[in-house]
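See the structure below:
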């Protein structure tokens with residue numbers, strides 16, 4: 011009798027904090043994480059490698075000019091999917107571990123702004 015090899019184990023659930031943070035960040039950036047039924051990770055371009063001997067088991071590959079290019083290895087599928095969404099949107103992806111810069115601080119209230127200007131030696135105009 012021919013025996014078929016056992017199926018590889020399903021991907022583990024993503025690290026709760028890293029995966030959830032990536033999903034939340036995608037929402038803040040107005041990005042959608044592209045899903046895929048044909049990928050073992052559930053995300054487009056992201057492949058899960060359970061036998062890798064490191065913490066980053068999710069590989070992101072894309073097609074560029076007809077060739078497959080690896081964009082990086084990630085600890086969570088959602089992190090890779092967020093990077094893919096940024097790449098597809100044409101955003102800077104030079105440092106895949108970095109979060110985008112924070113938004114500028116809100117303008118100070120009138121009273122606080124007036125006091126800050128006066129402390130800095132400036133004049134307050136009407």
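Residue numbers (my numbering): 11 to 136.
By construction, the Cβ of each residue, glycine as well, lies at the ideal position given by its N, Cα and C atoms.
These figures come from a predicted structure and were not determined experimentally.
Bridge-paired residues (DSSP) for residue i
i, result
"residue 78", "73"
"residue 14", "Bridge partners of residue 14: none, in fact."
"residue 45", "53"
Run of the alpha helix (DSSP H) containing residue i, from where it starts to where it stops
i, result
"residue 62", "Run containing residue 62: none; DSSP gives neither H nor E here."
"residue 96", "87-98"
Supposed contact pair residue j and residue i - C-beta distance, whole angstroms, cut 8 Å
i, j, result
"residue 78", "residue 67", "Actually they are not in contact, since the Cβ atoms of residue 78 and residue 67 sit about 19 Å apart, beyond 8 Å."
"residue 89", "residue 32", "5 Å"
"residue 52", "residue 85", "About 16 Å; that fails the 8 Å criterion."
"residue 43", "residue 12", "Contact doesn't hold; Cβ gap of about 40 Å is too wide."
"residue 46", "residue 57", "Contact flag wrong, Cβ pair sits at about 10 Å."
Exercise. Inspect the CB distances between the region 86-102 and the region 36-47 and report whether three or more fall short of 8 Å.
Key: yes
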